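All remarks here apply to the structure that follows.
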Amino acid sequence: MEESAGAAVDTDEAPQESSASANAIAFAGLLALAIVSLAAWRSVSRQPPGVVTPAAFTIGTEPPELPRSPPAVGSAAAYEAGRRAMNTGDFATAVARLGAAAAAEPENAEFQNAYGHALWRSGDREGALQAHAAAAQLDPRLQMQYARSLDVAGQSQDAVAQYQQILEKNPGAATVHEDLGRLLFRSGDYRGAAEHLQSAVLSRPDDPVLQQELAYSLDQAGDRARAEAAYRKVLEKAPSAVISRGLLADNLLDQGRKDEALAVLQEGMSAQPQAPLLQRQLGSALERSGRPKDAAAAYRAYAALVPDAADSQELLARAARLEAGGKQ
Numbered sequence: 000m001e002e003s004a005g006a007a008v009d010t011d012e013a014p015q016e017s018s019a020s021a022n023a024i025a026f027a028g029l030l031a032l033a034i035v036s037l038a039a040w041r042s043v044s045r046q047p048p049g050v051v052t053p054a055a056f057t058i059g060t061e062p063p064e065l066p067r068s069p070p071a072v073g074s075a076a077a078y079e080a081g082r083r084a085m086n087t088g089d090f091a092t093a094v095a096r097l098g099a100a101a102a103a104e105p106e107n108a109e110f111q112n113a114y115g116h117a118l119w120r121s122g123d124r125e126g127a128l129q130a131h132a133a134a135a136q137l138d139p140r141l142q143m144q145y146a147r148s149l150d151v152a153g154q155s156q157d158a159v160a161q162y163q164q165i166l167e168k169n170p171g172a173a174t175v176h177e178d179l180g181r182l183l184f185r186s187g188d189y190r191g192a193a194e195h196l197q198s199a200v201l202s203r204p205d206d207p208v209l210q211q212e213l214a215y216s217l218d219q220a221g222d223r224a225r226a227e228a229a230y231r232k233v234l235e236k237a238p239s240a241v242i243s244r245g246l247l248a249d250n251l252l253d254q255g256r257k258d259e260a261l262a263v264l265q266e267g268m269s270a271q272p273q274a275p276l277l278q279r280q281l282g283s284a285l286e287r288s289g290r291p292k293d294a295a296a297a298y299r300a301y302a303a304l305v306p307d308a309a310d311s312q313e314l315l316a317r318a319a320r321l322e323a324g325g326k327q
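Using numbering that gives the first Met the number 0, read the sequence shown as starting at 0 and increasing by one per residue.
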C-alpha cells in the first residue's frame, strides 16, 4: 500500500517538460485532422454540379437475416388455406380447412358461408345447406343465397318459406320476388307465380323474358285478359318473340277471337316467313278455326321447313287426314 502511494506521489511531481511535450503532440494531431478534413471538403466541392460523390452518402446495409413476421395461426390461417384449396379444386382439403375455421369461430358468417360452398362443391349438399343456414342467421345478406341453395337442392317448400321470410322484412325486394315467382312457376303454382312476377316486372318493365313468364302464369291461372295484355307488351318490346306470339294466339282462340288470333300469327309470318314455329302454330289456329284444308297446307309447309323435326311426319299424316275430311 505504501509503495502505491509513493508511486502516485512520484507521478504528480513529474517534470513540466513532459506536460508541454504532450500538449504539443495533441496540437499537432488536431492540426493534421483539420488539414485532412479541409482536403476532403475541397475534393467534394470540386466535383462538377450534378455529380453525386459516393462519399457524400452513407448507405446502410441490411443485417444478414431480417426478422420475419410470425406466420398466421389459428382460424384465419385455416380459412386462407381453405380458400387456396378451393381455388385449386382440392375440395377435400378445402372442407377440412374451412371446417376448422368455421368450428373455431362459429359466429363468423364469412367462415360459415365459405365452408358451405366447400361442402357443396365436394358433393355434401346436406352439410352445405346447414352451413349456409348458419351463415344466413348470422348475416341477413346471405339469406337469399340460402334460399337459392334450397331451391337447387330440390327443397322447394323450404325455399319458398325462406323467400317469404326475406319478403316480410323487405317487401319491395324485386330480385326476391323474381326468384320466388320462378320457383312457383316451375312448381305449377301459376297464381302465386303471377303475383310475385308482377312485382318483379315493375322493377324491370323492359325485360321481355320476365314479362313472358308473367303472361304465361296469368294465362295458366285463367286470367286471360291480363295475360293478353302482358303478351302484347312482350311483342311491343320484341316483335320477333315467336313463343309469345304463339301463346297470344292461343289466348285469343281461348277467348273465341279466332280472326284476331290468325291476324297475330300472320303479322309475325310476314316478318319471319321462315319461322317454323309460327307456321306450325298457324296450322293449329286454322284447324281450331274450322278451316281444315288451310290447316293441312300450313302443316305441310311446316314439314317442308324442318323435315327432320321430331313431329314433321306426324303433322304430315295429320294434314293427310284433314285433306281427306277426317277430324284427326
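For glycine and all other residues, C-beta sits at the position ideal for the given N, C-alpha and C. Just so we're clear, the structure is a prediction, and the values are computed from it rather than from any experiment.
Of the choices the options, whose alpha-carbon is the least far from that of residue i?
i, options, result
"tyrosine 230", "Leu247, Glu313, Lys236", "Leu247"
"glycine 98", "Asp89, Tyr114, Arg83", "Tyr114"
"aspartate 205", "Ser216, Ala192, Ala237", "Ala237"
"glutamine 254", "Gln278, Arg225, Ser74, Gly187", "Arg225"
"valine 200", "Val151, Asp222, Gln219, Ala173", "Ala173"
"arginine 320", "Gln265, Asp293, Pro306", "Asp293"
"aspartate 222", "Leu304, Ser155, Ala130, Leu251", "Leu251"
"alanine 220", "Tyr78, Ala193, Ser243", "Ala193"
"leucine 166", "Pro139, Glu313, Tyr189, Ser148", "Pro139"
Where does residue i fall in DSSP's three states?
i, result
"proline 272", "coil"
"threonine 87", "coil"
"aspartate 205", "coil"
"alanine 318", "helix"
"proline 238", "coil"
"asparagine 169", "coil"
"glycine 187", "coil"
"glutamine 154", "coil"
"glutamate 104", "coil"
"valine 305", "coil"
"aspartate 138", "coil"
"serine 216", "helix"
"alanine 323", "coil"
"serine 288", "coil"
"aspartate 293", "helix"
"aspartate 222", "coil"
Use the C-beta contact count for residue i: other C-beta atoms within 10 angstroms, 16 or more gives buried, fewer gives exposed.
i, result
"glutamate 212", "buried"
"aspartate 178", "buried"
"aspartate 258", "exposed"
"leucine 196", "buried"
"lysine 232", "buried"
"glycine 283", "Position check: residue 283 holds serine in this sequence, whereas glycine was assumed. When all chains shown are included, serine 283 counts as buried."
"arginine 185", "exposed"
"glycine 245", "buried"
"proline 306", "exposed"
"threonine 52", "The pLDDT assigned to threonine 52 is 36, lower than 50, so where the model puts this residue is not dependable, and the model offers no usable value."
"serine 239", "exposed"
"glutamate 227", "buried"
"proline 63", "Here the model assigns proline 63 a pLDDT of 41, short of 50, so the residue's position is not dependable and the matter cannot be decided."
"aspartate 188", "buried"
Quick check: is the beta carbon of residue i nearer than 8 Å to any beta carbon in chain C?
i, result
"asparagine 112", "Any reference to chain C falls outside this structure, which holds one protein chain only."
Going by the CB atoms, is the gap between residue j and residue i shorter than 8 Å?
i, j, result
"alanine 135", "glutamine 142", "yes"
"alanine 101", "glutamine 111", "yes"
"alanine 117", "glycine 81", "yes"
"alanine 93", "alanine 84", "yes"
"methionine 268", "alanine 274", "yes"
"alanine 296", "glutamine 278", "no"
"serine 121", "alanine 75", "no"
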